[in-house]
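Chemist: My questions all concern the structure below.
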Amino acid sequence: MSRELNHVLDLTIGVGLVGFTVAALLYGVTSGQVLLYYHRHGRGISTWRTQCFVAAIWLVDTVHLVLLTCVVYYYDIVIHGNPAGFPHVIWAYGAILITTECNTVLIRLGYAHRIWKYNNRKVLMPLIVIVLAVALLAMGIFYGHAQLIMKSFDDLQELQWSFYLAFALQIVADTCIAISMISVCRRFLTGLRRFDEVIQTIFMFIINTGLLNLALVTLSLIFYYIMPTSFLFLALYWVLAKLHVCSFLAVLNAEKDLIARTSTHTIHHGSTPILTTALRVEDFPTGLPTTQLDSIPLSDLARASFQVNSMHHSPESGPSPVAHAV
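Here's what the structure looks like:
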């Protein structure tokens, strides 16, 4: 009997505590991302709308952590880990679901705005993301309201269809966002190492977090289907909500860092950089001087290396530089 009780506690309170701990750690990472954003980009580059947007996401995420604490407190302190109280649904469950979907819709709208902004203002994919985000918010409010008024998890069995549908829509939405963001990032590869490193960092981060999000959603759905009485799917859902916030703020900071590097480069040189193609001719096998370039065969010119130089123009320097041979 004791072994069976321990098994029940491991699959309920145990995994719940693990999920809460990971969610709290991710909240700490998110708070660090917010502080980094305001410290580096709070002035100059960022608009007040973006600053308010980041603050709103962080505040909702804070409320989400407080609600998670209420759930853990109830099971560990109020009912002292009594398995008889596990099927009881407390008000915090519905509130957690609603706050999660509110924050997630903000994040998806933020991604949709960036897809629209950096993809020549094309509206098809952003519109799909917005429709999916609003649909998920509506379903989250619907299911969360049901949890607020019902007293037992058994009463929620008739609403299982909405749970499965919401997870399926979430997989579709996250896939659309990941593919669109990857496509947008690839368009900004310039060949300049300084900027491409940041873009490639964003690129890899989107891939990794996108795959992790899909894995967590899929696992949560599987555990809900095969072990509906355990807290495994809840723990994964809590972690998934925090991961969404953390990954979005990381992408936002990387985006602002790229803008800051570009702005700093321009301000430091006091002029607008003009990218020109310079032809560097060196070590030709014929041994001819560079004044006889017109007589060099095309097969030898194929060994010439092309280098992109950043040329700068100021009023005192005369006409703007053009492509030239070195």
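All the letters of the sequence shown, read from the start, carry residue numbers 58 to 383 under the working numbering. For each residue, glycine too, the CB sits at the ideal point set by N, CA and C.
(1) Assign I279 to buried or exposed, taking buried as 16 or more other Cβ atoms, counted over all protein chains shown, within 10 Å of its Cβ.
(2) Report yes if the CB atom of V186 is closer than 9 Å to the CB atom of C233, and no otherwise.
(3) Can you check the stretch 105-170 for any alpha helix (DSSP H) of at least 4 residues that lies completely inside it and give the ranges in chain order?
(4) Have a look at H98 and L82 and give me their C-alpha separation to the nearest angstrom.
(5) Determine whether the beta carbon atoms of V128 and Y150 lie at a separation below 9 Å.
(6) Cα separation between A112 and V302?
(7) Give me the Cα-Cα distance between W148 and D231, rounded to the nearest whole angstrom.
(8) Answer yes if the stretch 68-87 comes into contact with the stretch 267-278, meaning at least three C-beta pairs across the two stretches below 8 Å, and no otherwise.
(9) I need the boundaries of the alpha helix (DSSP H) containing E254, first residue and last residue.
(10) Three Cβ pairs or more, each shorter than 8 Å: is that satisfied between the stretch 188-205 and the stretch 236-252?
(11) Please report the distance separating the alpha-carbon of I239 from that of S209.
(12) Could you tell me which of T126, Y221, R178 sits nearest to G197, measuring between CA atoms?
(13) Compare the C-alpha of L92 against each of I316, L315, Y175, L306 and name the closest.
(14) Taking a contact to mean a Cβ-Cβ separation below 9 Å, would you say N310 touches V241 in this structure?
(15) Restricting to Cα atoms, I'd like to know which of Y130, N160, I172 is closest to V120.
(16) What do you get for W295, buried or exposed, if any count of 16 or more other CB atoms within 10 angstroms of its CB means buried?
(17) Comparing alpha-carbon positions, which option in L194, I283, K179, S277 lies nearest R165?
(18) Is DSSP giving S209 helix, strand or coil here?
(19) Alpha carbon to alpha carbon, what distance is there between L291 and E312?
Modeler: Considering the structure as presented:
(1) By the Cβ neighbour-count rule, I279 is exposed, with fewer than 16 other Cβ atoms within 10 Å of its own.
(2) Yes, they are a contact pair.
(3) Listed in chain order, the complete alpha helix (DSSP H) runs (minimum 4 residues) inside the stretch 105-170 are 105-130.
(4) Each residue's Cα considered, the two are about 24 Å apart.
(5) For V128 and Y150, yes; Cβs fall inside 9 Å.
(6) If I take the Cα positions, the gap works out to 12 Å.
(7) Just so you know, the alpha carbons of W148 and D231 end up roughly 28 Å apart.
(8) As far as the Cβ criterion goes, the stretch 267-278 does not touch the stretch 68-87, which means the pair count is below three.
(9) Per DSSP, E254 belongs to the alpha helix (DSSP H) from 250-283.
(10) The stretch 188-205, when compared against the stretch 236-252, does not touch it at the 8 Å Cβ threshold.
(11) When rounded, the distance between both Cα atoms is 43 Å.
(12) The residue with the shortest Cα to Cα distance from G197 is Y221.
(13) Checked all of I316, L315, Y175, L306; the closest Cα to L92 is L306.
(14) The beta carbons of N310 and V241 sit no closer together than 9 Å.
(15) V120 has its Cα closest to that of N160, out of Y130, N160, I172.
(16) With a threshold of 16 other beta carbon atoms within 10 Å, W295 meets it and is buried.
(17) The closest CA to that of R165, considering only L194, I283, K179, S277, is found on L194.
(18) In the displayed model, S209 falls within a strand according to three-state DSSP.
(19) Approximately 32 Å between the Cα atoms of the pair.
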